[in-house]
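Notes follow the structure.
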Amino acid sequence: MSALALSDAATIAAAVSSGRSSAREAVAGALDRIARIDGRVGSFTDVLAQRALARADALDGALGRGEPAGSLAGVPFAVKNLIDIAGLPTRAGSKINRDRPPAERDGALVRRLEAAGAILVGALNMGEYAYDFTGENVHDGDAHNPHALAHMTGGSSGGSGAALAAGLVPLTLGSDTNGSIRVPAAFCGCFGLKPTYGRLSRAGSFPFVGSLDHLGPMARSVTDLALAYDAMLGPDPDDPVATSRPPEPAMPNLESGIGGLRIAVAGGYFARGGDPEAFAAVARVADALGASRTVELPEAGRARAAAYLITAAEGATLHLDRLRARPRDFDPAVRDRLIAGAMIPAPFVERAQRFRRWYRAAVLALFDTVDVILAPATPCRAPRGGLTHFILDGVTLPVRANIGVFTQPISFIGLPVVATPVWLDAGLPLGVQVIAAPWREDLALRVSRHLERTGVCAAPVAELA
Amino acid sequence: MPETPLPFDPDSYASVAAGLLGLALDPAWIVPITANLRVLAAAAELVSAFALPDEAEAAPRFEA
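From first to last, the protein sequence lines stand for chains A and B. Remember, the numbering used here sits 117 above the position in the first sequence when you count from 1. Remember, the numbering used here sits 1 above the position in the second sequence when you count from 1.
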């Protein structure tokens with residue numbers, strides 16, 4: 118096996134750029150591990166060996182001619198299968214979308230990563246239409262948590278987390294509407310960045326809830342998150358909510374540490390309703406950062422309820438024609454939620470959107486006195502696959518709807534978050550959300566990098582082979 | 002005329018709303034759909050119970 122196969126993206130890019138290794142070696146190593154290991158993990162739905170090797174050879178040729186290397190030269194990556202890949206129908210975890218015509222070109226973020234030298238090797242499994250927190254898929258088979266194959270990956274970017282934890286690729290893209298990057302990052306023990314709403318272009322991806330959808334990178338190191346994030350920055354007229362702010366790269370200050378930063382722990386809603394381990398993970402991170410202050414995000418429970426309503430209604434609106442024409446081709450659990458969502462009276466949804474405006478102002482006021490807020494990513498470790506109900510704080514609740522209780526109030530107002538993996542013991546990991554004010558991804562990444570550098574957070578490859 | 006609203010009946014509501022929406026429901030789907038409706042109704046009640054100023058506009062913006 119190539120020494121590069123389990124390396125992080127920064128190491129691969131340095132090796133390829135310097136000529137110590139080739140892009141072909143990096144890509145072939147990833148393809149080899151996918152072929153040998155993914156049958157047990159189920160993270161990939163499409164492997165693009167021919168395309169990837171051709172691009173690797175083209176990159177090696179360019180570097181051999183002395184052309185400049187990009188920041189991600191030769192880095193194999195894969196994307197959640199709701200992001201367009203030229204020549205494939207964008208299935209978004211569904212059966213129905215397989216009947217769509219193949220995408221004519223790659224999604225915007227794929228093009229930007231490849232412009233930086235990264236090489237796409239495939240598409241990744243996900244929950245149907247992203248309406249999922251489990252990583253289970255009735256059409257493609259479930260993604261399995263590489264750290265305990267009988268357990269969930271989390272979702273809906275389940276394949277994106279699993280491919281990292283299995284060491285198949287060092288970099289993936291996911292989407293996050295209510296927690297779909299942060300939940301699989303927590304369950305699979307890797308890092309995930311959900312950027313500010315509007316920061317990264319969503320052009321060329323299949324939507325779920327337009328007013329809540331984000332795309333972002335996942336990786337096994339914070340440096341890799343930052344490298345990928347920086348490469349994907351920039352306005353895009355093809356995404357109606359993409360910001361026109363100039364790019365604000367994170368790499369220049371990534372190693373600046375936490376000096377001068379005001380860091381607090383989210384209390385109240387974020388300190389109850391989960392397993393003790395979820396809060397122990399936050400406490401460990403807070404201790405490491407010297408964060409003794411607690412802040413309360415006002416009305417966070419109501420914010421979660423409002424996000425739930427908007428998601429159900431907007432998602433149902435998107436899929437109404439498909440629900441009419443092909444209801445039996447949906448995952449039943451997704452179909453039933455969407456049909457119920459279609460029946461929500463409009464005033465309930467409008468009220469939720471008005472509440473969102475109030476909540477945004479109330480939470481942003483907190484950032485006058487604090488720079489970073491810590492909160493659990495999930496209320497528990499990864500449940501066993503197939504589990505439909507769990508007990509949280511003594512209350513029996515449906516799994517699918519409640520894994521995101523701590524992520525929903527944050528993405529509801531588009532705050533940037535890095536999900537950082539914490540290993541309390543020999544069991545499965547937990548995740549902590551490192552949350553910053555809008556457009557301050559740099560701070561969330563800086564704090565996460567400090568946690569990684571000091572050994573508080575880590576994203577090891579699972580022992581599968 | 003009743004002075005208080007009638008209690009919410011998800012079963013009958015789902016059947017009537019399905020007709021309005023042009024959705025054909027398999028009878029086997031009614032139970033999970035109404036379970037989801039109950040969760041959504043509870044969420045709506047929680048959100049609606051929060052007093053908002055009339056000036057609070059919906060969050061999404063449109064720029065012409």
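Note that beta-carbon positions come from the ideal geometry of N, C-alpha and C, so glycine has one too.
Validate contact between the stretch 209–216 of chain A and the stretch 299–309 of chain A using beta carbons, cut 8 Å, 3 pairs: no
9 Å Cβ cutoff, A/F465 in contact with chain B: yes
Own chain partners of A/V466 with C-beta closer than 7 Å, once the 5 adjacent residues on each side are dropped: Only L426, I427 and A430 meet the Cβ criterion.
CA-to-CA distance, A/P206 to A/R441, given in whole angstroms: 21 Å
Cβ shell of A/V489 (< 7 Å), same chain only, five flanking positions each side left out: L378, I380, V551, I552, A553, L560, A561 and V564
9 Å Cβ cutoff, B/T35 in contact with chain A: yes
Inter-residue Cα distance where the pair is A/R410 and A/R316: Across the structure, A/R410 and A/R316 are spaced so that their CA atoms are roughly 29 Å apart.
Under 7 Å (Cβ pairs) to chain A, residues found in the stretch 50–61 of chain B: F51, L53, A57, E58, A59, A60 and P61
Cβ of B/L26 within 9 Å of any chain A Cβ: Taking Cβ atoms only, chain A reaches closer than 9 Å to B/L26, which makes this a yes.
Alpha-carbon spacing of A/S274 relative to A/P464, whole angstroms: 31 Å
Residues near A/L123 by beta carbon distance below 6 Å, same chain, minus five either side: G284 and V578
9 Å Cβ cutoff met for A/I151 and A/S292: Contact flag unset, no.
Any C-beta of chain A under 9 Å from that of B/L41: The Cβ of B/L41 sits closer than 9 Å to at least one Cβ of chain A.
Three-state secondary structure (DSSP) of A/H567: helix
Length at least 3, wholly inside the stretch 360–428 of chain A: the beta strand (DSSP E) runs in chain order: 380–383 and 410–412
Residues of the stretch 395–425 of chain A with Cβ closer than 8 Å to any Cβ of chain B, in chain order: Within the stretch 395–425 of chain A, the qualifying residues are E416, G418, R419, A422, A423 and Y425.
Cβ contact check for the stretch 192–199 of chain A and the stretch 156–169 of chain A: 3 or more pairs under 8 Å: By the Cβ rule, the stretch 192–199 of chain A counts as touching the stretch 156–169 of chain A, because three or more pairs are nearer than 8 Å.
Alpha-carbon spacing of A/T340 relative to A/H331, whole angstroms: 20 Å
Cut-off 6 Å between Cβ atoms - residues of its own chain near A/A417, not counting five sequence neighbours on either side: Y386 and P526
Same chain only: Cβ atoms within 7 Å of B/A42, ignoring 5 sequence neighbours per side: F9
Cross-chain neighbours of A/L437 in chain B, by beta carbon under 9 Å: Here the neighbours are L22, G23 and L24.
Where A/F465 sits in the DSSP three-state scheme: helix
Nearest-angstrom Cα separation, counted from A/L414 out to A/G390: 15 Å
Short Cβ contact (9 Å threshold) for A/P352 with A/S318: yes
B/L26 in three-state terms, based on DSSP: B/L26 falls in the coil class under three-state DSSP.
Own chain, CB closer than 6 Å to A/L342, minus 5 neighbours either side, in chain order: F308, L310, P334 and A336
Proximal residues, the stretch 146–167 of chain A versus chain B, C-beta separation under 7 Å: none
is_contact[B/L38, chain A] using C-beta, thresh 9 Å: yes
CA nearest to the CA of A/R557, picked from A/F472, A/M368 and A/P444: A/M368
Coarse secondary structure for A/A509, derived from DSSP in three states: It should be pointed out that residue 509 of chain A corresponds to Leu in this sequence rather than to Ala. Assigned with DSSP and collapsed to three states, A/L509 falls in strand.
Straight-line gap, A/V487 to A/P219 (C-alpha atoms, nearest Å): About 47 Å.
Interface residues of chain B facing A/L440 [CB-CB closer than 7 Å]: L24
Min CB distance A/D453 to chain B below 9 Å: yes
Cβ-Cβ distance between A/F396 and A/P515 below 9 Å: no
CB contact check: B/L47 to chain A, cutoff 9 Å: yes
Residue-level contact to chain B via CB, A/F507, 9 Å cutoff: no
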